[in-house]
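There are 2 protein chains.
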Amino acid sequence: MPTIKDVARLANVSTATVSYVLNNSGPVSEATRARVLAAVEELGYRPSIIARSLKGKHTHMLGFVLSPYARQPQDPFFNEFIAALADTAAGFNYHVAVTTTADLASERKTYKDMVEDRRVDGFIIADTRLDDERLAYLIAAGFPFVAFGRPANELIFPYVDVDGYTGVKQAVQYLIDLGHRRIGLIELSPTLVCRMHRRQGYEAALQENDLPLDSELIVAGGLTEEDGYRAMGKLLDLVQPPTAVMAGNDLMAVGAMNAIHDRGLSVPDDVALIGFDDIPLTTYVRPTLSTLRQDFYDIGERVVRMLMALLHDEELTETQVILEPTLIIRESSGGALIKD
Amino acid sequence: MPTIKDVARLANVSTATVSYVLNNSGPVSEATRARVLAAVEELGYRPSIIARSLKGKHTHMLGFVLSPYARQPQDPFFNEFIAALADTAAGFNYHVAVTTTADLASERKTYKDMVEDRRVDGFIIADTRLDDERLAYLIAAGFPFVAFGRPANELIFPYVDVDGYTGVKQAVQYLIDLGHRRIGLIELSPTLVCRMHRRQGYEAALQENDLPLDSELIVAGGLTEEDGYRAMGKLLDLVQPPTAVMAGNDLMAVGAMNAIHDRGLSVPDDVALIGFDDIPLTTYVRPTLSTLRQDFYDIGERVVRMLMALLHDEELTETQVILEPTLIIRESSGGALIKD
DNA sequence: AGGGGTTACTTAAACGTTTAAGTAGTTTTA
DNA sequence: TAAAACTACTTAAACGTTTAAGTAACCCCT
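Heads up: the sequence lines are chains A and B, in that order.
In terms of our numbering, the first sequence has 119 at position 119, counting the first letter as 1, and numbering is strictly consecutive.
For our numbering, count along the second sequence from 1 and bump the result up by 1000.
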């Protein structure tokens, strides 16, 4: 592998000059520039990013850690999100280092390692939590990051989030407009910040329509299809089960759907169902699943762009971005069918 | 951030000595070692991998590129596989850089960049193709990698693969044993090497049972649910449609299932169905999908272990590993139901 | 004509490690 | 007892860049 010295020798200049033409960082005559470029071409020279990093104090790497909380293999979230991260980062000549963690302890260690080893220049954090160690740590360490998800407390950091409040409120309103009066809510994992907003959206919709807030209609869910299946079971065991259910995510909605079917009931006739996320699975199940769409690719792209601005000391025009989810009506909610 | 010099100063030794104790690479007295370790502890010193890499000529990074061919957002393959890569690599103090590519040209560029920039020490290649540029390039460049998938031609490299031949043969035999005589095959993308083996397994099963090989029963598929939907449509348009179908993967099997349902037919009564992969979706659809399971996590782990051995010049005990898929019988194939 | 400014370079230090080579001091060996 | 062989270090070069500081040549003023 040729180094900058080889190029310098061939072009009959100093290494500094080579560096100057390569980075456009110094005055070089046209003739010299051409000679250097020719030498680069001839040798097939490429600068070593390692050496560059050593000098420049940056790695051109972004970190993304798959959390134990959200790492459900069946959740296509990561595919889209990671693809977006990698794509967008590539546009800035950055790469993304993806790491997985098994539990909270190893997660903590992973972040610590990555920042102390200076393996990455910045982090992308997904799915903020109520008491989020990761956020606290990175802020304390003064390490740059952008999150997908809002803070639950007074921490301040740049993020992109989806407006779960408005989304769920809109979805529940849709169900109310269809005539439903008893609407259940299957919640996400309690530690997730977004659970809170969705719950508030649910409550707001009921209140605005003067419907009673029946606490037995709100059940703890989690993340997976199984969680949804179990939660729906509880709802169906009620003396007066709901006629419609808003689920914390699509996976749980599908679980709920199976629970309803397995009791010989029908969706949407006996129970209408709306999910959240719009994962591809929504169109694979029968009936197809109505849902609130959040565009993970778009989110990933925005997050990286913000992080890039942060790393390059550019003015962050928007440091807190809230995106609106869109209600997608398919078969599971009953009512008017809008084909997609 | 403290450097090795700070540690050396505090411990009253040279930087070389510090390096020796940290790497156990030189003779150091117990007293000195203790002093150095204390200094390290006190300063919270961590060696810079960048500097280390510059000296040592390795990055402690592994590359994995998401291909345009196999990057279907709904395919949970990547989640499991990437998780396996990251987990296993972490055990060796390596990280995985995941990159995505939009098309063949950008894919080529990505590999070239990664090796010429020496961003990674080795690659993991998934889904080998018939005329695989990636493989040809890496072999020509003498760059270390391990593949998930076999070569189609005479190239020699270490790989882990799943025995699609035996798997499909076994699955088709199962269908034959159930009494099926007209069995369709929905194939994977033609460029994929594994398509070939699965096709051969299909043909072998028919031949061993003296069943005719009807070419109209073999239809080109692809990768996605939509591909499966379309392919199944063609099969159902036949004068004499098949009573059972083997699909190239689960996604296409689910697409086929929807196609069958949408024509008012039933699975498995009118058409029995078997997929390949055992993605989580298989248990979400109704009827649940019979399939051939390949354990992506296991595969990812093996691939990384082999690559590690390769990078550390260890003896590679097994350089070509073939894993058997396991036939998982659920509802879509009819016949005896084994609950999972 | 001498000082100041510009242009187009070069020199050399620096980034944070590793490691070959050197150097005392102590112990073993013949 | 002197040479040889350890042991426990230190010195300094090297890895491949970037960049501050230096320098030489030229042009422009007044």
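Heads up, the beta-carbon is just placed ideally off N, CA and C, and yes, glycines get one too.
Everything numeric in this text was worked out from a predicted model, so none of it was measured.
Does the distance from the CB of residue i to the CB of residue j come in under 9 Å?
i	j	result
B:G1228	B:R1198	no
B:N1153	B:I1176	no
A:A86	A:H95	yes
A:V98	A:V65	yes
B:L1311	B:M1252	no
B:T1326	B:R1286	no
A:V245	A:A204	no
B:A1008	B:S1067	no
B:Y1137	B:F1148	no
B:L1155	B:L1178	no
A:R195	A:L236	no
Using CA coordinates, which residue listed in the options is at the minimum distance from residue i?
i	options	result
A:H60	A:T326, A:A152, A:R118, A:E133	A:R118
B:L1185	B:F1276, B:P1027, B:I1299	B:F1276
A:L341	A:P325, A:L323, A:T326, A:R302	Look at the range of chain A in this structure, 1 to 340, and you will see that residue 341 of chain A is not part of it.
A:N249	A:P242, A:V304, A:G167, A:L238	A:G167
B:A1247	B:Q1207, B:G1201, B:Y1284, B:D1237	B:G1201
A:V193	A:L206, A:I183, A:V162	A:V162
B:D1006	B:A1038, B:G1026, B:P1241, B:L1043	B:L1043
A:E324	A:I299, A:G334, A:P268, A:R330	A:I299
A:N93	A:R305, A:A34, A:P212	A:R305
A:D278	A:T17, A:P27, A:T291	A:T291
B:I982	B:V1036, B:R1182, B:G1026, B:Q1320	The structure shown does not extend to residue 982 of chain B, since chain B is modelled only from 1001 through 1340, so no value can be given for it.
A:T101	A:A309, A:L281, A:E116, A:G63	A:G63
A:A105	A:E133, A:K234, A:F81	A:E133
According to DSSP, is residue i helix, strand or coil?
i	result
B:M1196	helix
A:Y174	helix
A:Y202	helix
A:V304	helix
A:S25	coil
B:D1295	coil
A:D277	strand
A:S53	helix
B:F1092	coil
A:T15	helix
A:S290	strand
A:E154	coil
B:M1001	coil
A:L251	helix
B:V1036	helix
A:F148	strand
B:E1187	strand
A:I260	helix
A:F123	strand
Just mark residue i as buried or exposed, buried being the case when its beta carbon has 16 or more other beta carbons within 10 Å.
i	result
A:K57	exposed
A:V239	exposed
A:M1	exposed
A:L213	exposed
B:N1012	exposed
A:K169	buried
B:R1330	buried
A:S14	exposed
A:G26	exposed
B:G1269	Note on identity: in this sequence residue 1269 of chain B is Asp, with Gly being the wrong assignment. By the 10 Å Cβ count, B:D1269 comes out exposed.
A:S333	buried
A:L206	buried
A:P280	buried
State the Cα-Cα distance for the pair residue i and residue j, rounded to the nearest angstrom.
i	j	result
A:G222	B:R1150	40 Å
B:L1217	B:F1078	31 Å
A:P144	A:I49	21 Å
A:V120	A:L130	25 Å
B:V1219	B:A1089	39 Å
A:E314	A:L307	10 Å
B:R1052	B:F1296	33 Å
A:G122	A:N24	26 Å
A:I124	B:T1017	38 Å
A:V115	B:R1033	26 Å
A:S19	B:K1112	22 Å
A:T282	A:L289	5 Å
B:T956	B:P1047	This structure does not reach residue 956 of chain B, given that chain B is present from 1001 up to 1340, and the question cannot be answered.
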